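For the protein sequence lines, the chains are X and E, in the order given.
43 is the number that the numbering used here gives to position 28 of the first sequence; each next residue is one higher, with no gaps.
54 is the number that the numbering used here gives to position 67 of the second sequence; each next residue is one higher, with no gaps.
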Amino acid sequence: MLSEKITSSHSIPFWRDIRVLRVIGQVLFLLIIAAGIWWLLNNLQMNLKTAGLNIGFRFLKNTAGFPISEGLRYNPTDVNAYAFWVGIVNTIRVAVIGIVLATVIGIVVGVARLSSNWLVKKLAGIYVEVIRNIPLLVQLFFWYFAVMLTALPLVGDSIRLPGSIHLTRRGVYIPWATATESFSTWMFYVIGGLALAIIVYVLRRTQLKRAERPGFPIAWAGMVFILIAFAGWFLTSGNPLALTVPVLKKFNFTGGLWLSTSFTALLMGLSVYTGAFIAEIVRAGILAVSKGQIEAAKAVGLKRAQVLRLVVMPQALRVIIPPLTSQYLNLTKNSSLAILIGYYDLMNVGTTIFNQTGRAVEMILLIMASYLTMSLLTSLLMNYYNRRMKLVER
Amino acid sequence: MNDNQQIVHTVKEQLRPPIERIPVFRWLKENLFSSWLNVILTVVSTALIVTVVFGLLKWALGARWEVIPANLKLLLVGTYPVEYLWRVWTTGYMIAFLLGFSGGSHGGLMRRVSTTAALISIVLAVLPFPWGTRGWLVGIAVAAAVGFGLGYLGKGIRWCKRLEIAAWILSFPISLVLLNGVGGILPVIGRRTTWGFLLNLIGAVVGIGLSFPIGVLLALGRRSELPAVRWVCTAYIEIIRGVPLISLLFMASIMLQLLLPANIRPDLLIRAMMTVTAFSAAYMAENVRGGLQAIPRGQYEAASAVGLNKALITILIILPQALRLVIPAIVGQFISLFMDTTLFGFIAILELLNITRSIMGNIEWRGTIFELYVFIGIVFWILCYSMSYISRRMEKTLGVGER
C-alpha cells in the first residue's frame, strides 16, 4: 500500500524516475548507434562519389564471363546472379556431404574413445588431439597441395580402390547412377510412395499417442516408402537408373562421377577436422548419461537395445545436439576456405564477381546474407529437432 | 578451518587404495583381447599403426629437412630487420621474466608453465643454432630464473601481487611498441616487413587482448534489461558469429576504406587486426555470457540486499566471479583465434602459412611441400596442445565444473 502511494505520488521528479531514465538511456544509445552508422554510410557515399561509383544490384544481370568448372550446368555467358547461385549450390553440396561424413567419423571415433580396447581408445585419442590442434587451413593445404596434387599419381596410372574408384592427380572418379528415359516414370512411384509414407506416419503416430505406447512410426513410414519405390522399380520398363563406371580412355576417364581435386581436398579436410570435434561431443554426451540410469533401466527389465534406445540415446542426444549444431554451422562457415584451394563455392564466385565488376559493397552484402541465411536455417532446423528430443525425454 | 582441511587430507591419504599390480598377460587379456570383437579391433589397429608409422618413418628419413633451418628466420619472423631482432628477443625476455615471476609467486600450474618454458629454451639452445641465437635462448632461461627468484621472494606480499598484475597488463602495449616501434624513439617496422610466425602470435594476442573489454561490454549488453541495448548487442554478436572470418577479412581488405573518411586509410595490417578484434569480440561476448549465467541468483540478491546499485553489483560482485570462471574458455578461444590467423594469407599478408609459398616458389626448395606443411603443423600443434592442456588444468583448479 505504502509503496503504491509513493510511486503514484508526484514527489519524484521525472529526471529521477527510473522509467523515464530507462527510456532516455535507450533513446540515447540508439541515437549514438544510428549516428555511427550514419557516419559510416556518409563516408561510403562520399568515397563512392569521388570514385564515380554507385550502389545497385543491376550488375547481377550482366554476363558473368568467367568459367566455373563444377556444380550446376553453367556457361560463362550466363548472368552473374546465376553464377552466384551456382556458388551457393556448391557450398551447400560440400557442406551437406561434409556434415554427413563428419558425423559418421565423429560417432565412430567418439565411441572408439570409450572402447574397452586400449589400443582403439588410444588411437582415437591421438586422432582427436592431433587434428584439433592444427589449423584447418594447414590441413586443407596439406590435403590439396601435398596429397591431391603431389602424392597422387597421374591419370594414366591411377590408384584403384575396390568398386572402381580411381584416385588421380586430376581428381577422384567414382561410379555413379545416371537417370535414363524411364527415370521420370519411376519418379511418380517415388513421389506417390513418399506421400503414402507421410500419411502412414501421421496415422501411426496418432494411434500410438492415443494408446500411449512408445514406438517407431518413422520405421513404418520408411518401410512403406521403400516397398513402393522397389515395386515401382520393377514395374517400370527398363532400369530408371543406370550405373556408369569410370573407364580410362585416351587421356582421361569417361563415365562415372568426377570429383575435382579441390572438392575432394575440401571435403576430406572439413570432415576429418570437424569429425574430431564431433567425436569429443559424442563422447561427452554418452558420458553424461549417469550409470544409475542404465542400471535402473536394466533392473526394470529392459533389453540391451531398449536401454540404448529408450534411456541412453534420448538423454545423450539432449546433451549432444546443441554443440553439434554449432559444429555443423562451423563446418558450413569453414567451407568458405574453399577459395584458397580453388573450389567454386559462394565465397570464391562472389570474390570473382567482385574482381570482374568492382562491386565491393554489394558482393559483401550478398556473401554475408547468404551465410547468415544458411546459418539461420541450420540452427532453426536443429533447434526444432532439439525441441522434439526434449519432448520425447519428458 | 585449516586444521579441518588437514585432517581430511590425512584421512584421504590413509584410505588411498593399494596399488594393484596387474600381470602383463592379464592386462593384455583385459584391455586388448577380452572378446572376439576386441581381438579383431586390436589386430586391425596394430596393422594401421604399423603401416602409418613405417610410412612416416620412411618418408621422414628421406625428407629434405634442410629446408627448415635454411629458412627458419624467414618462417619465424619474416623479413624483420636483423639489426632490430633484439627487440623480438627483448619481448621474449619480458614475457619469460613475467612468467618466471608468476611461477615463483604462485606455484602450482603457473610454476610448471614457467619451468617448462625455461627448459624448452635451454633444450633449444643445445640444438645447432648459430651461436648468437643460442646466447639469446640461454638468456630466456636466465630471465625466467631471475623472475622466478624475485617472485619467490615477493610471495605473499600484497604490493608485489599488484605489481605483477599491472606488469602483465602493461606487457601487452609494451610488447607491441617494442615489436613495431614508435615514431621518434624506435624505428617503426610496420609494413616494411613481412612478419612470418610472429604475426600469427601478435594477431592472436591483439585479437584476444583488445576484444576482451569489448566482449565483456557486449555480454553485459546482451543481458541488459533495456531492450534497445539488448537487441543491438544480440544483433552484433549473432551477425558476426553467423559469417565466416574470411568474409570479414575480405570486407576489411576491400570495403573498410570505403567506410572511413578519405583522410583515414589504415594499413592492411591494422585493418586485419581490427577485423580479428571485431570477430573475436562476438565470441568473447558469448564466453563471458556463459560465465555470467553461471553466477547464482543469490549473488545478485545478496548484493542488492547489502545496498549496492546495479553498476556496483556488476563490477564488484558479478564480473570478478564470472571472469574467473571463463578463463579456460578464453584460452580455448585464444587457441582457435591463433589457428585462424593463418587466414591472413587470404588478404596477402605474409604470415607463417603464406610465407611457405614464397619458399616453395624458390627453385632451390621445389618439392619441399610436405616438409614445410609438416613443420607448420608441428609448430602449431605443440603450442595449441600445450595451451589446451593448461586450460584443462586450469578448469580443474578453478573448479568450473563444480558449480
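Beta carbons are placed, not taken as given, at the ideal position from N, Cα and C, and that holds for glycine.
In this text the structure is predicted, and so the values were computed from the model without any measurement.
task: Could you run through the segment 353 to 365 of chain E and flag, in chain order, every residue whose CB is less than 7 Å away from some CB of chain X?
output: The segment 353 to 365 of chain E vs chain X, Cβ under 7 Å: 356, 357, 360, 363, 364.
field: Residues that residue 41/X contacts on chain E, provided the C-beta gap is smaller than 8 Å
entry: The CB of residue 41/X comes closer than 8 Å to the CB of 213, 214, 215, 216 in chain E, given here in chain order.
- prompt: Does residue 54/E get closer than 9 Å to chain X when you measure Cβ to Cβ?
  reply: Closer than 9 Å to the CB of residue 54/E there is not a single CB belonging to chain X.
- prompt: Does the separation of the CB atoms of residue 58/E and residue 368/E fall below 9 Å?
  reply: Taking 9 Å as the cut-off, the Cβ atoms of residue 58/E and residue 368/E do not count as close.
- request: Would you kindly check if the distance between the Cβ of residue 87/E and the Cβ of residue 138/E is under 9 Å?
  value: With respect to residue 87/E, residue 138/E sits close: the two C-beta atoms are nearer than 9 Å.
- prompt: So, is the C-beta of residue 280/E closer than 9 Å to a C-beta in chain X?
  reply: Not one chain X Cβ lies under 9 Å of residue 280/E.
field: alpha helix (DSSP H) segments (min. 4 residues) lying fully within the segment 290 to 349 of chain X
entry: You should have 306 to 315, 328 to 349.
- prompt: Where are the alpha helix (DSSP H) runs, 4 residues long or more, that stay fully inside the segment 273 to 349 of chain E, in chain order?
  reply: Entirely contained in the segment 273 to 349 of chain E, the alpha helix (DSSP H) runs reaching 4 residues are, in chain order, 284 to 293, 306 to 327, 339 to 348.
message: Quick check on residue 384/E: does DSSP put it in helix, strand or coil?
response: In the three-state DSSP reduction, residue 384/E falls in the helix class (H, G or I).
field: Secondary structure, beta strand (DSSP E): runs of 3+ residues fully inside the segment 226 to 291 of chain X
entry: 256 to 259, 272 to 274, all fully within the segment 226 to 291 of chain X.
field: Per-residue DSSP class, three states only, for residue 411/X
entry: Look at the range of chain X in this structure, 16 to 409, and you will see that residue 411/X is not part of it.
query: What residues from chain X crowd round residue 33/E, counting only those whose CB sits closer than 9 Å?
result: Residues of chain X passing the Cβ test: 134.
query: Hey, quick one: how far does the alpha helix (DSSP H) through residue 183/X stretch, first residue to last?
result: Counting along the chain, residue 183/X falls outside any alpha helix (DSSP H), though it belongs to the beta strand (DSSP E) covering 180 to 183.
query: In the DSSP assignment, what are the bridge partners of residue 92/X?
result: As computed with DSSP, residue 92/X is found in no beta bridge at all.
- prompt: So, does the CB of residue 393/E fall closer than 9 Å to a CB anywhere in chain X?
  reply: Given that chain E is displayed from residue -12 to residue 390, the structure contains no residue 393/E and the question cannot be resolved.
field: Spatially closest choice to residue 253/E from 327/E, 178/E, 8/E, by CA coordinates
entry: Here the closest residue by C-alpha is 178/E.
task: Name the one or two DSSP bridge partners that residue 78/X has.
output: Residue 78/X is bridged to 94/X.
query: Who are residue 174/X's beta bridge partners in DSSP?
result: Note: residue 174/X sits in a beta bridge opposite 182/X.
- request: Quick one: residues in its chain with C-beta nearer than 8 Å to the C-beta of residue 64/E, no 5 flanking neighbours on either side, listed in chain order?
  value: In chain order, 72, 75, 182, 183, 184, 185 place their CB closer than 8 Å to the CB of residue 64/E, counting only its own chain and leaving out the 5 sequence neighbours on each side.
field: Counted within 10 angstroms of its Cβ, other Cβ atoms place residue 175/X as buried (16 or more) or exposed
entry: When all chains shown are included, residue 175/X counts as exposed.
task: Would you decide whether residue 78/E is buried or exposed? Buried here means 16 or more other CB atoms lie within 10 Å of its CB.
output: Buried.
message: Please confirm whether residue 105/X has its beta-carbon closer than 9 Å to some beta-carbon of chain E.
response: False, the Cβ-Cβ gap to chain E never drops below 9 Å.
field: Nonlocal neighbours in the same chain, by C-beta distance under 7 Å from residue 66/E, ignoring five residues either side
entry: Within the same chain, Cβ atoms closer than 7 Å to the Cβ of residue 66/E are found at 180, 181, the five residues on either side in sequence being excluded.
message: Is residue 154/X close to chain E? Criterion is C-beta to C-beta, closer than 9 Å.
response: Closer than 9 Å to some Cβ of chain E, the Cβ of residue 154/X qualifies, so yes.
- request: At 7 Å on the CB atoms, spell out the chain E contacts of residue 355/X, in chain order.
  value: Under the 7 Å cutoff, chain E gives 333.
message: Measuring straight from C-alpha to C-alpha, what distance separates residue 99/E and residue 356/E?
response: If you take the alpha carbons of residue 99/E and residue 356/E, they lie about 36 Å apart.
query: Taking residue 7/X as the reference, which of 276/X, 322/X, 325/X has the closest Cα?
result: Residue 7/X lies beyond the stretch modelled for chain X, which goes from 16 to 409, so this question has no answer here.
task: Report yes if the CB atom of residue 195/X is closer than 9 Å to the CB atom of residue 261/X, and no otherwise.
output: One thing to note: residue 195/X has its Cβ no nearer than 9 Å to the Cβ of residue 261/X.
message: Is there a Cβ of chain X sitting closer than 9 Å to that of residue 230/E, yes or no?
response: So yes, residue 230/E belongs to the interface.
query: Residues of chain X with a CB under 9 Å from the CB of residue 249/E: which are they?
result: Within chain X, the C-beta atoms nearer than 9 Å to that of residue 249/E come from 58, 61, 62, 65, in chain order.
message: If the criterion is Cβ atoms closer than 9 Å, does the pair residue 101/E and residue 90/E meet it?
response: When the beta-carbon positions are compared, residue 101/E and residue 90/E come within less than 9 Å of each other.
- request: Identify whether residue 135/X lies in helix, strand or coil by the three-state DSSP scheme.
  value: Shown here, residue 135/X sits in a helix according to DSSP, grouped into three states.
query: Nearest chain X C-beta to residue 368/E closer than 9 Å, yes or no?
result: Cβ-Cβ to chain X under 9 Å: yes for residue 368/E.
field: Short CB-CB distance (under 9 Å) between residue 349/X and chain E
entry: Judged by the 9 Å Cβ criterion, residue 349/X is in contact with chain E.
message: Against chain X, with Cβ distances strictly below 9 Å, would residue 116/E count as a contact?
response: When Cβ-Cβ separations below 9 Å define contact, residue 116/E makes no contact with chain X.
message: Just checking: is the beta-carbon of residue 237/E within a distance shorter than 9 Å of some beta-carbon in chain X?
response: Taking CB atoms only, residue 237/E has a neighbour in chain X less than 9 Å away.
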